[in-house]
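Here the structure comes first, spelled out in structure tokens, and everything after it is commentary.
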Amino acid sequence: MTTVLYFAWVRQMIGPSGETLALPDGVATVRALAENLRARGGGYAQAFADLSRLRVAVNREHAGFDAAIADGDEVAFFPPVTGG
Amino acid sequence: MIRVGRADFDTAAELAALGPAGAVVSFTGHVRAEPGLAALVLEHYPGMTEREIARHVEEAERRWPLTGARIVHRIGRLEPGARIVLVAAASAHRRAAFAACEFLMDYLKTRAPFWKQEEREDGTRWAEAKASDGAAAKRWG
Numbered sequence: 634m635t636t637v638l639y640f641a642w643v644r645q646m647i648g649p650s651g652e653t654l655a656l657p658d659g660v661a662t663v664r665a666l667a668e669n670l671r672a673r674g675g676g677y678a679q680a681f682a683d684l685s686r687l688r689v690a691v692n693r694e695h696a697g698f699d700a701a702i703a704d705g706d707e708v709a710f711f712p713p714v715t716g717g
Numbered sequence: 003m004i005r006v007g008r009a010d011f012d013t014a015a016e017l018a019a020l021g022p023a024g025a026v027v028s029f030t031g032h033v034r035a036e037p038g039l040a041a042l043v044l045e046h047y048p049g050m051t052e053r054e055i056a057r058h059v060e061e062a063e064r065r066w067p068l069t070g071a072r073i074v075h076r077i078g079r080l081e082p083g084a085r086i087v088l089v090a091a092a093s094a095h096r097r098a099a100f101a102a103c104e105f106l107m108d109y110l111k112t113r114a115p116f117w118k119q120e121e122r123e124d125g126t127r128w129a130e131a132k133a134s135d136g137a138a139a140k141r142w143g
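Dropping the structure here:
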């Protein structure tokens, strides 16, 4: 199973702050996962409408949309950070 | 030492905890008072935040001869004037401490997974990342 987490407005659009899911067949990159989630429609379609507005972490490290993902990974989607 | 939490901090006590050093440089960030802004609500990615900050402290220690570094970042609802963040770097000499403090702050702004929501009189909105912060971090190579 893969843990998917959402932060800031991504979470607000989607609703829950995260979920555990089985990676669908053929989903082996962050981009493929994002497109799969977008296809669910509703808040997901809204949150994943423009991937250029999103940033990603895989296993708690910054990553790109082309990063490979596999069962057991933790993938997080969020807007550009605004701390400090 | 890295600490992320809701509690306020005492800057003097945090700096004293760095122990004796020839030079201690610190930066304290506060919620800016802006017309219409009631508060900032900060959230973060527990587990990633601490790790990401620790990596940058290690990088600062590789670049400059530091005797200590201390980062405190608050989360939750903070009103104008409230302290948000403390970055402190200690070294035998001032140049290293000044540079490391600025380096850590620039990276905190652009890499540490924190997000600010602005509570305004007319509703809430998420703060946008600033291009100038990205440019500031890039200069460290």
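As given, the protein sequences belong to chains A and B, one line each in that order. Numbered per the numbering used here, the first sequence finishes at 717, counting up by one with no gaps. Numbered per the numbering used here, the second sequence finishes at 143, counting up by one with no gaps. Just so it is clear, CB atoms sit at the ideal spot from N, CA and C, and this is done for glycine as well.
Item to check | alanine 102 (chain B) vs tryptophan 142 (chain B) beta-carbon contact at 8 Å | outcome: In this structure, tryptophan 142 (chain B) does not lie closer than 8 Å to alanine 102 (chain B) by Cβ.
Item to check | Among A:Thr635, A:Ala641, A:Thr636, A:Val637, nearest to valine 714 (chain A) - alpha-carbon criterion | outcome: Nearest in C-alpha terms to valine 714 (chain A), of all of A:Thr635, A:Ala641, A:Thr636, A:Val637, is A:Ala641.
Checklist entry - Just curious, the beta strand (DSSP E) that leucine 654 (chain A) is in, first and last residue? => result For leucine 654 (chain A), the enclosing beta strand (DSSP E) covers residues 651–654.
Next on the checklist: Judging by CA-CA distance, which residue of B:Leu17, B:Leu39, B:Phe29 is the nearest neighbour of glutamate 123 (chain B)?
Outcome noted: Among B:Leu17, B:Leu39, B:Phe29, the Cα nearest to that of glutamate 123 (chain B) is on B:Leu39.
Checklist entry - Any idea if proline 115 (chain B) is buried or exposed, counting beta-carbon neighbours within 10 angstroms, 16 or more meaning buried? => result Here proline 115 (chain B) is buried, its C-beta having at least 16 other C-beta atoms within 10 Å.
Checklist entry - Taking C-beta to C-beta, are leucine 687 (chain A) and valine 643 (chain A) nearer than 8 Å? => result It is a contact, given that the beta carbons lie within the stated cut-off.
Checklist entry - With C-beta atoms as the reference, is isoleucine 77 (chain B) less than 8 Å away from histidine 46 (chain B)? => result It is a contact, given that the beta carbons lie within the stated cut-off.
Next on the checklist: Our contact map puts histidine 58 (chain B) next to leucine 106 (chain B) with C-beta atoms below 8 Å; I'd like the distance itself, whole angstroms only.
Outcome noted: The pair is a contact, with the Cβ atoms about 6 Å apart (cut-off 8 Å).
Checklist entry - If contact means a Cβ-Cβ distance below 8 Å, which residues of the stretch 99–115 of chain B contact chain A? => result Listed by position, the residues of the stretch 99–115 of chain B near chain A (Cβ gap below 8 Å) are Met107, Leu110, Lys111, Thr112, Arg113, Ala114, Pro115.
Next on the checklist: Whether or not the stretch 24–31 of chain B and the stretch 660–673 of chain A are in contact is what I'm after, with contact meaning three or more pairs of Cβ atoms, one per stretch, closer than 8 Å; do they touch?
Outcome noted: With a cut-off of 8 Å, the stretch 24–31 of chain B and the stretch 660–673 of chain A do not count as touching, because too few Cβ pairs lie within range.
Item to check | chain B contact residues for phenylalanine 711 (chain A), given Cβ-Cβ distances below 8 Å | outcome: Tyr47, Pro115, Trp117, listed in chain order.
Next on the checklist: So, with DSSP's three-state summary, where would you put isoleucine 77 (chain B)?
Outcome noted: It is coil, neither helix nor strand.
Item to check | Closest by C-alpha distance to glutamine 119 (chain B), when choosing among B:Arg5, B:Ala41, B:Glu16, B:Ala137 | outcome: Ranking B:Arg5, B:Ala41, B:Glu16, B:Ala137 by Cα distance to glutamine 119 (chain B) puts B:Ala41 first.
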